[in-house]
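Position 177 of the sequence shown, counted from 1, bears residue number 186 in the working numbering, the numbering being contiguous throughout. Just so it is clear, CB atoms sit at the ideal spot from N, CA and C, and this is done for glycine as well. Below: one structure, written as structure tokens.
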Amino acid sequence: MRLIRRSTLIIVLFTLIAVTLAISGCGQAAATQPPATQAPQAGGKLPDMGGKAITVAVENAYPPFNQIDKNTSKGVGWDYDTVTEICKRLNCTADFKQAAWDGIFPAMQAGEYDMLADGVTVTITRSKIVDFSTPYVTIGQVLLVRADETRTVDQLKADAKALIGTQIGTTNEIVAKKNFPAERVKSFEDFGAAVLALMSKDVDGVVLDNVTASGFMGENQGKLKIAGQLTSDEQLAFVFPPKSELTSMVNAALASMQSDGTLDALNKKWGLTQ
Numbered sequence: 010m011r012l013i014r015r016s017t018l019i020i021v022l023f024t025l026i027a028v029t030l031a032i033s034g035c036g037q038a039a040a041t042q043p044p045a046t047q048a049p050q051a052g053g054k055l056p057d058m059g060g061k062a063i064t065v066a067v068e069n070a071y072p073p074f075n076q077i078d079k080n081t082s083k084g085v086g087w088d089y090d091t092v093t094e095i096c097k098r099l100n101c102t103a104d105f106k107q108a109a110w111d112g113i114f115p116a117m118q119a120g121e122y123d124m125l126a127d128g129v130t131v132t133i134t135r136s137k138i139v140d141f142s143t144p145y146v147t148i149g150q151v152l153l154v155r156a157d158e159t160r161t162v163d164q165l166k167a168d169a170k171a172l173i174g175t176q177i178g179t180t181n182e183i184v185a186k187k188n189f190p191a192e193r194v195k196s197f198e199d200f201g202a203a204v205l206a207l208m209s210k211d212v213d214g215v216v217l218d219n220v221t222a223s224g225f226m227g228e229n230q231g232k233l234k235i236a237g238q239l240t241s242d243e244q245l246a247f248v249f250p251p252k253s254e255l256t257s258m259v260n261a262a263l264a265s266m267q268s269d270g271t272l273d274a275l276n277k278k279w280g281l282t283q
């Protein structure tokens, strides 16, 4: 009996050692493997937001990105078409909210809106308080003047009486003050007011991006022209609150729109590109 018990004990011990080594070996193997990642869905399927509504801030005063149609009193423009297409692909609903430009970045930082669509230039300073999508177009700053203006950009710079309009709190304002004395730059609440001041001869030029300049020229046929270009390297993107999950979703939708030609078609439709 004693011999049988000792043999049984030895077998049990060897079995326990084998099991322990096997478990230990599996643990080491698992530790050396990279973290599991979710495989991409077949066909590059986009995220599904389940019909969720997102609030999208717009100025409604920045053609061709956004403006109010005088005939229908409804918002129209590149932002409306593009965000609507993005939501179509992500299964969400865009709830456009008119918002003043002044103070919009603190509002985005605080999460008052889910997204800002307003032809916003990507800058390092802004990226410290908000998140940006991948850029959808590169633009430049120009000087918009009345159609009958005979002075060149350099002549307007040299003319101590020439006043230049722009919009407060924008990269356009920064460019205006780099090219013209600050005391001769008048900043307006929005570009609509700046352009009205130009047409009424309260200012002699307006610094804004080339796309928006073309938009205002289209609205005022034969009354405005571009005197010259001041910059040519600004990237525009959508804006989100910090660490918003919506950023990567919109980026995915933009990528799909770029790959199938939809984004290019919308850019051409609204004059962002030729």
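Under the rule that 16 or more other beta-carbon atoms within 10 Å means buried, what is residue i, buried or exposed?
| i | result |
| --- | --- |
| N80 | exposed |
| D123 | buried |
| A167 | exposed |
| P73 | buried |
| Q176 | buried |
| E243 | buried |
| I133 | exposed |
| G120 | exposed |
| Q283 | exposed |
| T161 | exposed |
| I20 | Residue placement at I20 cannot be trusted, given a pLDDT of 38 that sits under 50; what the coordinates show is reported in the next sentence. Exposed. |
| Q76 | buried |
| D269 | exposed |
| G224 | buried |
| N69 | buried |
| K277 | exposed |
| R14 | A caution first: R14 carries a pLDDT of 40, below 50, which makes its placement in the model too unreliable to give a value. |
| A191 | exposed |
Check this for me: beta carbons of residue i and residue j, under 9 Å apart or not?
| i | j | result |
| --- | --- | --- |
| D127 | I113 | yes |
| F249 | V139 | yes |
| V259 | S136 | no |
| M117 | R155 | no |
| L165 | A222 | no |
| L233 | V204 | yes |
| I173 | V215 | yes |
| W284 | L255 | With the chain represented from 10 up to 283, any question about residue 284 goes unanswered, as that position is not in the structure. |
| N181 | D211 | no |
| L99 | L153 | no |
| F247 | L125 | yes |
| L263 | Y71 | no |
| V92 | V65 | yes |
| I95 | A103 | yes |
| T130 | T179 | yes |
State the DSSP-derived secondary structure class of residue i, mapped to helix, strand or coil.
| i | result |
| --- | --- |
| A274 | helix |
| Y71 | strand |
| I138 | coil |
| M124 | strand |
| A156 | coil |
| I148 | strand |
| Q8 | Here the chain comprises residues numbered 10 to 283, so residue 8 is not present and cannot be evaluated. |
| I177 | coil |
| W279 | coil |
| E182 | helix |
What residue range does the beta strand (DSSP E) around residue i cover?
| i | result |
| --- | --- |
| A66 | 61–67 |
| Q164 | Note, Q164: premise wrong, no beta strand (DSSP E); alpha helix (DSSP H) at 162–167. |
Would you mind reading off the limits of the alpha helix (DSSP H) that contains residue i?
| i | result |
| --- | --- |
| V92 | 87–99 |
| Q118 | 113–118 |
If we require 3 or more residues per run, which beta strand (DSSP E) segments fall completely within the region 185–266? 194–197, 214–218, 233–238, 243–249
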